[in-house]
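Chemist:
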Amino acid sequence: MIDDLSRRRLLAGAGVLASGVALGGVAGASRGADANDADAVDELPLRWNRTYSDATYNGATSVVEGDDGLVVLGQSGGQPTGIPGWLFGADATSGDGEWMETIANEESQRRPTFQDHVPAVDGDGYALLGMAAQSGTVAFVRTDADGAIQWWQTYESDAQDGSGALLARDVIASGDGYVIAGAEVRSGSASGLVVRVGPEGDERSRTRLFADQQSELLSVVSDGDGYVGTAAVQVSSGGQTSVRSVVFRADANDEIQWQETFTAPNDGNALAQNQLVDIAPAGEGYVAAGFAASRSLDTFDGWVLSVDASGSQRATRRLSPQPATRFSAVADTADGTVVAGQGGESATAQTGVGVVGELGDGLEANWSRTVSVGATNNVRDVIGTADGGVALAGITQYQSQSADPRSEAWLVKLGGDDAPQVTATAPGTDTSSTATPSPTATATPSPTPTATPSPTPEPTDDATATATPTATVPETAGPDPTETTAGDGPGFGVGAALAALGGTALYERVRDED
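Just add 1 to the spot in the sequence shown (first one is 1) and you have this note's numbering.
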C-alpha cells in the first residue's frame, strides 16, 4: 500500500509556496533510507519561482541550458486555440527574461503544439519538435541562438489511403542529425516510430518499432551510437486491456538490441496503466519516471524504475507525495537523480501543484517539495544546471476566467548560485488558495518575457479551492488523445490522460473505450 502523507508533513519545510514534503510510501521494493534519517541529503534551497507571459495564454514544455542561460520552449497567444510556439531566454542565476521569439509558420494553418527542443547539431541554435494533432503532422524547426527561424520541416504519415497520423514525443541529437521518437497511427492502430533526419531536417529513414502491438515511443536518450528509450505497449488479458512500459536499446540502424517489459509494483491488484514517460542516464544505467494508475483511477501514483546498462531492473517504486501524482520528467543532476511532475487531491481534481524530489541509488526519497503559483501547476521538464542547481519548467493556470493572463510559462530554480529570491503570485483576480490574491503590478509590454515578483503568500491547511468546470483550457494543454488515436490505442484510455502543458484539470479527461 502507498503510505498517506499528512498535511502537517506537507506544509513542513523551508519553503513557503515551495513547501517541503517527503515523497509518499513505497510499494514493491525495500524501503531504503528514510528521508528524515540523520544522514539525509540536504534539500536544495529555492532560489526563485517566476512566471513569464507575452499574451493571454502561455506555457512552457521544455528547458535547456545554453551558453548564455536557460532557453525555454512553449506556446504563447491571445486565443485558447491555434497558439503559436514561443521560445525565450532567461538568466540562469536570476531568472530574468532576456529575449523571446514567436515560432510560427505563416504559410501553414497547422500550428503545432511544441513538445521538446535540443541544441542544434550544426552550430549555435536549437532544434524544436512539435506536432499538430488534428492534421496528424509533425513539425521540426531550426532556430538560431536568438530564436530566429532558419528552416521549418513538416513530416506526414505515408499511409496510402491518407488516413495516417504521426505523433511526436521526443527528440535527441544523433551523429550529424536527429532522432525523432513517437508513433504512427493507421486505421486506429498505433505503433512506435523513429524518424531520422539530417542537420537541415531532411528525412533519412523511418523505422516502426513494436509494430506487432499497439505502442508508442515516449522518451529516448543517447547511448553511444544508439539510444535507450521507453515505450508504452498495450496488452490484453481476460477481455481487458492494460498498458505496460518497455525499456529498450536500439543501435544506429534502429534495430532493437534488448528490451524489457515492466509494470509498477502493486499490492496484488494489477494496475491498468503503467507508463514511463521520461528516461535519463544514471550512473552505469538509467532511471525512468512516469505514473501508475488503476482502471478506476482510485490509484494514481508516481512511478520510478532504475535499470542497468543491459536493461535489468535495479529498483522500482511507486511514490505518492500527493494523493494523485504523475511524474513527467527525470534528470541526472550534480546532486543525483531528480524527478518532477504534478500532484493533486485526486486524478480528476481541477487544481494541482508541481512536485519535485531527489532520489537515492535505491530510488528512496532524499528530499522533495511542492511548488505552485496559480490554481493548476504542472512541471513539464527538469534539468540540472551548470552551477549545480535544478531548473523546472511548466505551466501555471489561474482559476479566475477574468484573469489576464489566464496561464503563464513557469520556471523554478532550486540550488545553484545564490540569487535574490523572487516568487511570483497569481493575478489579483485569482481566488485559488495556492496563491493569495494580491495587487500584482502589470508589466509594461516589452520584447522580453515578463515576471511579476511580489511577496510570497503563506500556504494554508485548507484544500485548494475547486476550479469552475467551465474554465477555458488553452490549446497548450495538449491534444486530446481521443482526437489522435482510437480509445484503445495510445493514449490507451483513461489512464493515459496526461497533463501535457497543464490546463484546468489535473489530468485531461478522456473517454475510456476499453
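Yeah, the Cβ is synthetic: ideal placement off N, Cα and C, and Gly gets one too.
None of the values given here were measured: they were computed from a predicted structure.
Three or more beta-carbon pairs under 8 Å between the region 412-426 and the region 147-159, yes or no?
Modeler: No, they do not touch.
Chemist: So which of Val186, Pro113, Asn267, Leu412 has the shortest CA-CA distance to Ala93?
Modeler: The residue with the shortest Cα to Cα distance from Ala93 is Leu412.
Chemist: Can you list, in chain order, the residues of its chain whose CB lies under 7 Å from that of Arg111, leaving out five sequence neighbours each side?
Modeler: Correct list, in chain order: Ala133, Ser136, Thr138.
Chemist: Rounded to whole angstroms, what's the CA-CA distance from Trp368 to Gln161? Just pull it up for me.
Modeler: Looking at the two C-alpha atoms, the distance is approximately 52 Å.
Chemist: Can you tell me whether DSSP reads Val186 as helix, strand or coil?
Modeler: In this structure, Val186 counts as strand in the three-state DSSP scheme.
Chemist: For Arg170, does the count of other Cβ atoms within 10 angstroms reach 16, so buried, or fall short, so exposed?
Modeler: Label assigned to Arg170: buried.
Chemist: Would Glu204 and Val195 be called neighbours here (beta carbons separated by less than 8 Å)?
Modeler: No, they are not a contact pair.
Chemist: Using beta-carbon positions only, say whether Glu99 and Gly90 come within less than 8 Å of one another.
Modeler: Yes.
Chemist: What residue from Gly165, Gly202, Pro200 has the CA that sits closest to Glu185's CA?
Modeler: Measuring from the Cα of Glu185, the nearest candidate turns out to be Gly165.
Chemist: Using the beta-carbon count (16 or more within 10 Å), is Ala15 buried or exposed?
Modeler: Low confidence applies to Ala15: its pLDDT is 21, below 50, so where it sits in the model is not reliable enough to give any reading.
Chemist: Take Ala39 and list the residues in its own chain whose beta-carbon comes closer than 7 Å to its own, dropping the five residues that flank it on each side.
Modeler: Note that Ala39 scores 35 on pLDDT, short of 50, meaning its location in the model is unreliable; the coordinates nonetheless yield the value given after this. Within the same chain, Ala39 has no close Cβ partners at all.
Chemist: Using 10 angstroms around the beta-carbon of Ser409, count the other beta-carbons present and answer buried if the total reaches 16, otherwise exposed.
Modeler: Strictly speaking, residue 409 in this sequence is Glu, with Ser absent from that position. Label assigned to Glu409: buried.
Chemist: Using 10 angstroms around the beta-carbon of Glu359, count the other beta-carbons present and answer buried if the total reaches 16, otherwise exposed.
Modeler: When all chains shown are included, Glu359 counts as buried.
Chemist: Per DSSP, which residues does Ser192 bridge with? Please list them.
Modeler: Glu185, per the DSSP bridge assignment.
Chemist: When the Cβ atoms of the region 314-321 are set against those of the region 371-387, are three or more pairs found closer than 8 Å?
Modeler: Touching, no, given that fewer than three Cβ pairs across the two stretches are closer than 8 Å.
Chemist: Under 8 Å between C-beta atoms, does Leu45 make it to chain C?
Modeler: Judged by its chain identifiers, the structure shown contains no chain C, having just a single protein chain.
Chemist: Would you say the region 253-262 touches the region 205-214, given that touching needs at least three Cβ pairs under 8 Å?
Modeler: With a cut-off of 8 Å, the region 205-214 and the region 253-262 count as touching, because enough Cβ pairs lie within range.
Chemist: Using a Cβ-Cβ cut-off of 6 Å (strictly less than) and excluding sequence neighbours within five positions of Asp382, which residues of its own chain qualify?
Modeler: Cβ within range, chain order: Ser63, Val64, Ala330, Ala394.
Chemist: Report the option in Gln241, Ser238, Ala283 whose CA atom is closest to the CA atom of Asp224.
Modeler: Looking at the Cα atoms, Ala283 is the closest of the given residues.
Chemist: Check each candidate in Gly353, Val308, Gly176, Ser188 and name the one with the smallest Cα separation from Leu167.
Modeler: If we check each option's Cα against that of Leu167, Ser188 comes out closest.
Chemist: Can you tell me which of Ala350, Thr397, Glu157, Val354 puts its alpha carbon nearest to the alpha carbon of Gln343?
Modeler: The shortest C-alpha separation from Gln343 is found at Val354.
Chemist: Helix, strand or coil for Asn267 per DSSP?
Modeler: Asn267: coil per DSSP, three-state reduction.
Chemist: How about Asp159 and Ala146: are their beta carbons less than 8 Å apart?
Modeler: No, Cβ-Cβ distance for Asp159 and Ala146 is not below 8 Å.
Chemist: Confirm, please, whether the CB-CB distance from Gly312 to Val234 is below 8 Å.
Modeler: Against a cut-off of 8 Å, the Cβ pair of Gly312 and Val234 comes out as no contact.
Chemist: Distance check for Val357 and Gln402, CA to CA, integer angstroms please.
Modeler: Those two C-alpha atoms are separated by around 28 Å.
Chemist: With the cut-off set at 8 Å, would you say Ala232 and Gln215 are in Cβ contact?
Modeler: No; because the gap between Cβ atoms is not below 8 Å, this pair is not in contact.
Chemist: Does DSSP put Arg250 in a helix, a strand or coil?
Modeler: It is a strand residue.
Chemist: Can you give me the C-alpha to C-alpha distance between Ala61 and Gly240, rounded to a whole angstrom?
Modeler: Those two C-alpha atoms are separated by around 40 Å.
Chemist: Can you tell me whether DSSP reads Gln314 as helix, strand or coil?
Modeler: Correct three-state label for Gln314: strand.
Chemist: Determine the burial state of Ala212: buried for a count of at least 16 other Cβ atoms within 10 Å of its Cβ, exposed for fewer.
Modeler: That one is exposed.
Chemist: Give the single residue among Gly148, Gly176, Thr52 whose Cα lies nearest to the Cα of Tyr228.
Modeler: Looking at the Cα atoms, Gly176 is the closest of the given residues.
Chemist: On the CB-based measure, 16 or more other CB atoms within 10 Å of its CB, does Ala149 come out buried or exposed?
Modeler: Under this definition Ala149 is an exposed residue.
Chemist: Buried or exposed: Ser237, going by 16 or more other Cβ atoms within 10 Å of its Cβ?
Modeler: Classification for Ser237: exposed.
Chemist: What residue range is occupied by the uninterrupted beta strand (DSSP E) comprising Tyr287?
Modeler: Where Tyr287 is concerned, the enclosing beta strand (DSSP E) stretches over 286-294.
Chemist: Who are the Cβ neighbours of Thr338 in its own chain at under 6 Å, not counting the five residues just before and after it?
Modeler: So the list reads Ala283, Val288, Leu360, once near-sequence residues are dropped.
Chemist: Less than 8 Å between the C-beta atoms of Leu272 and Ala290, yes or no?
Modeler: No, these two residues do not count as a Cβ contact at 8 Å.
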